[in-house]
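Engineer: Submitted below is the structure of interest, expressed as structure tokens.
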Amino acid sequence: MSTSKNKRLLNKAQVELLNDILRSADGYGNQWWPGLPKGLLTPDFKRIIKEEVLKKFPGRKDVLVKFRKDRVDVVPEGFSIW
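Residue numbers (the numbering used here): 477 to 558.
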């Protein structure tokens, strides 16, 4: 799905978070976005985040997107997350 179609499925807070993730993630260190409001990370939003981050790093199979209850992490594979 294209980025613009994905963004149409999201609310304003989700679009802002997605834009921040795409702007900040560099694929080399652990970037995380903690303290997210309950209900923000819906299953569709998680799918969209993964799709968009992987588009940002084409060919990089080592970049992972991990989710916790109130947090998103974008990390290279093998990077320790506590």
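Don't be surprised by glycine CBs; every beta carbon is placed ideally from N, CA and C.
None of the values given here were measured: they were computed from a predicted structure.
1. Let me check understanding here. Comparing Cα to Cα, which of V551, D520, N506, W508 lies closest to K537?
2. What whole-angstrom Cβ distance do L485 and I524 have, given they're in contact under 8 Å?
3. Roughly how many whole angstroms lie between the Cα atoms of L512 and R547?
4. Use the C-beta contact count for A489: other C-beta atoms within 10 angstroms, 16 or more gives buried, fewer gives exposed.
5. Which residue wins for smallest C-alpha separation from F543, given the options F521, K531, P534, V491?
6. Roughly how many whole angstroms lie between the Cα atoms of V539 and K532?
7. If you reduce the DSSP assignment to three classes, tell me which class D549 lands in.
8. How long is the line joining the alpha carbons of N506 and D549, rounded to whole angstroms?
Structural biologist: By the coordinates alone:
1. V551
2. 7 Å
3. 6 Å
4. exposed
5. F521
6. 10 Å
7. strand
8. 7 Å
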